[in-house]
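Chemist: Below: one structure in structure tokens.
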Amino acid sequence: MTDKELFEELSYNRKNVYESITDEEKTKMFSLCDEYRVFLDEGKTERECVEKTVAMAKQNGFAALEEKNSLKPGDKVYYVNRNKNIFLAVIGEEDIETGFNLVGAHIDSPRLDLKQNPLYESNSMALLKTHYYGGIKKYQWTTIPLSLHGVIFTRDGEKLTINIGEKADDPVFCITDLLPHLAQSQMSKKMTEGIEGESLNILIGGIPVGEDVKEKVKFGILKLLNDRYGITEKDFISAEIEAVPAYRAKNIGFDESFVGAYGQDDRVCAFTTVKAIFDIDKPKKTAIALLVDKEEIGSAGNTGMLSASFEMTVAELIEKIKGGCSVTQLNRVISNSSCMSSDVSAAVDPNYESVFEKNNATYAGYGMSLLKYTGARGKYDSSDANAEFVYRIGKIMDEHGVIWQTGELGKVDQGGGGTIAQYVANLNMDVIDCGVPVLSMHSPFEVTAKSDIYMAYKSYVTFYEHMY
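Adding 3 to a residue's 1-based position in the sequence shown gives its number in this note's numbering.
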């Protein structure tokens with residue numbers, strides 16, 4: 004063996020996915036990503052993602068957990084919590100007390116939420132006030148077409164589902180910005196200060212209506228909403244309405260090697276997670292997929308990972324498998340379990356290489372990212388997987404042809420971010436971060452490599468089938 008050959012054998016080298024997969028796998032990859040783009044278009048909010056996942060689950064033989072009095076190996080069930088997170092399980096052949104294999108992702112994404120009292124008139128225009136959700140660059144949300152999604156209750160208690168701006172003949176909405184000719188002061192500010200949160204107000208109308216009315220444009224909008232939907236202004240108080248980009252997911256590049264869309268953090272991992280569990284028939288260990296809400300704002304609330312909902316659902320699962328569930332049994336099952344915390348990583352951007360430490364970074368096109376830890380500046384808000392678990396995960400990925408890479412979220416002092424992994428780890432479960440590298444993360448149009456999407460899906464199937 005030459006020194007060059009020995010060096011290559013001893014060194015860690017990333018592999019470009021396209022150089023390592025068959026034509027058959029490429030065909031499967033492109034087909035998977037076509038389905039993924041539909042998932043993105045039909046699931047632009049956490050509620051819509053849950054609704055879409057339930058429909059997919061039913062098509063794949065899953066039944067509602069509450070409809071089952073008992074469970075046996077091969078049974079497939081799902082449970083929905085408050086329409087914002089979903090738990091899916093395929094019961095394994097082994098005793099549940101040996102633990103389960105969990106893949107968890109989140110389905111909330113940065114966006115603009117309408118305030119509780121959003122509607123106002125200014126300069127003969129009607130606008131909606133917003134409160135941004137999660138970490139955004141505010142300037143990216145001006146001058147793009149927006150759609151409105153969510154639910155609102157009328158005074159009669161009727162629940163209306165809102166989805167305006169997605170159909171070809173729908174109107175869209177937008178946030179205006181200052182023209183360059185008058186923006187000297189604005190453009191001299193820091194980028195974080197150029198657009199203020201209170202300026203993210205959405206333009207929704209401009210026709211004055213009525214006699215002896217002070218705010219005629221606002222009255223026109225209220226009258227239109229009442230005539231069309233039966234809504235009054237007070238109904239906005241209890242509503243949950245999100246403004247998201249109105250455009251559809253698209254292929255990017257002459258070779259269509261990338262997917263561009265809103266909400267890929269973290270719906271790229273949510274989609275590959277559920278697709279993987281749908282392809283599991285009768286695993287040795289029980290397989291669980293979990294899609295949660297509120298990760299972008301700290302995983303709080305009764306639909307986030309910090310909620311007791313997950314443990315409560317696992318307890319119900321154990322009870323229906325074994326005929327009962329003690330606290331000791333629940334603790335034993337969770338402690339014996341393994342989790343892949345499925346969230347995106349930052350792909351090295353050719354335009355902004357300086358913020359990455361390139362020996363320890365993830366690259367678009369080089370497979371699923373496997374991160375021992377995330378966190379920020381000293382590993383804060385990270386679970387930091389132990390060496391034994393990292394080795395076991397890497398070994399089964401290598402043994403079953405999954406192309407993966409490792410890295411961190413930027414240079415040590417540059418920044419960072421957290422995932423649900425730390426909260427899973429708090430339950431005394433082995434967990435590691437994994438997912439898909441993303442370009443333009445948290446922007447209204449994120450970019451992922453199709454090859455990485457496919458490898459993420461393949462890694463979750465491998466985990467479900469071979470992690471013992």
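Ideal Cβ placement from N, Cα and C applies to all residues, glycine included.
1) List the whole-angstrom C-beta distance separating residue 332 from residue 100, where the pair is believed to meet the contact cut-off of C-beta under 8 Å.
2) Per DSSP, which one or two residues make a beta bridge with residue 379?
3) Quick check on the DSSP output: the alpha helix (DSSP H) that includes residue 330 runs from which residue to which?
4) Measuring only the C-alpha atoms, how far is residue 443 from residue 194?
5) What's the C-alpha gap between residue 314 and residue 431?
6) Does the beta-carbon of residue 461 have 16 or more other beta-carbons within 10 angstroms, so that it is buried, or is it exposed?
7) Report the rounded CA-to-CA distance for residue 225 versus residue 450, giving the unit in angstroms.
8) Just to confirm the assignment: which complete beta strand (DSSP E) runs, minimum length 3, are found wholly within the segment 277 to 359?
9) From residue 370 to residue 309, what does the alpha carbon distance come to, in whole angstroms?
10) Any contact between the segment 263 to 279 and the segment 101 to 114? By contact I mean 3 or more CB pairs, one from each, below 8 Å.
11) Just checking my contact of residue 158 with residue 235 at CB under 8 Å: how many whole Å lie between their CB atoms?
12) Less than 6 Å between C-beta atoms, sequence neighbours within five positions excluded: which residues of the same chain meet that for residue 330?
13) Taking the alpha-carbon of residue 247 as reference, which of 23, 128, 435, 49 has the nearest alpha-carbon?
14) Compute the Euclidean distance between the alpha carbons of residue 256 and residue 219, then round it to the nearest angstrom.
15) On the DSSP bridge list, what partners appear for residue 206?
16) What are the residues that DSSP puts in a beta bridge with residue 144?
17) Could you tell me which residues DSSP puts in a beta bridge with residue 53?
18) Can you tell me which residues form a DSSP beta bridge with residue 253?
19) Just list the residues that DSSP pairs residue 81 with in beta bridges.
20) Is residue 435 buried or exposed, if buried means 16 or more other CB atoms sit within 10 Å of its CB?
21) Considering Cα atoms alone, identify which of 163, 428, 87 is closest to residue 229.
22) Taking the C-alpha atoms as reference points, what is the distance between residue 477 and residue 85?
23) For residue 396, which three-state DSSP category applies?
Modeler: By the coordinates alone:
1) Yes, they are in contact, since the Cβ atoms of residue 332 and residue 100 sit about 7 Å apart, within 8 Å.
2) Answer is 383, 419.
3) Here the alpha helix (DSSP H) through residue 330 covers 330 to 338.
4) Cα-Cα distance, rounded: 16 Å.
5) Approximately 12 Å, taken between the alpha carbons.
6) Classification of residue 461: buried, given that the 10 Å Cβ count is 16 or more.
7) Their Cα atoms are separated by approximately 38 Å.
8) The segment 277 to 359 contains these whole beta strand (DSSP E) runs: 289 to 295, 341 to 345.
9) Distance between the alpha carbons of residue 370 and residue 309: 30 Å.
10) With the cut-off at 8 Å, the segment 263 to 279 and the segment 101 to 114 touch.
11) Confirmed, about 6 Å.
12) Within the same chain, residue 330 has no close Cβ partners at all.
13) Comparing Cα positions, the closest option is 49.
14) Cα-Cα distance, rounded: 47 Å.
15) Partner residues in the beta bridge of residue 206, as assigned by DSSP, are 130, 177.
16) In DSSP, residue 144 forms no bridge with anything.
17) Bridge partners of residue 53: none, in fact.
18) Bridge partners of residue 253: 263.
19) Beta-bridge partners of residue 81 (DSSP): 67, 91.
20) Classification of residue 435: buried, given that the 10 Å Cβ count is 16 or more.
21) Nearest of 163, 428, 87 to residue 229, Cα basis: 163.
22) Only positions 4 to 471 of the chain appear in this structure, which leaves residue 477 out of reach.
23) In the structure shown, residue 396 falls within a helical segment according to DSSP collapsed to helix, strand and coil.
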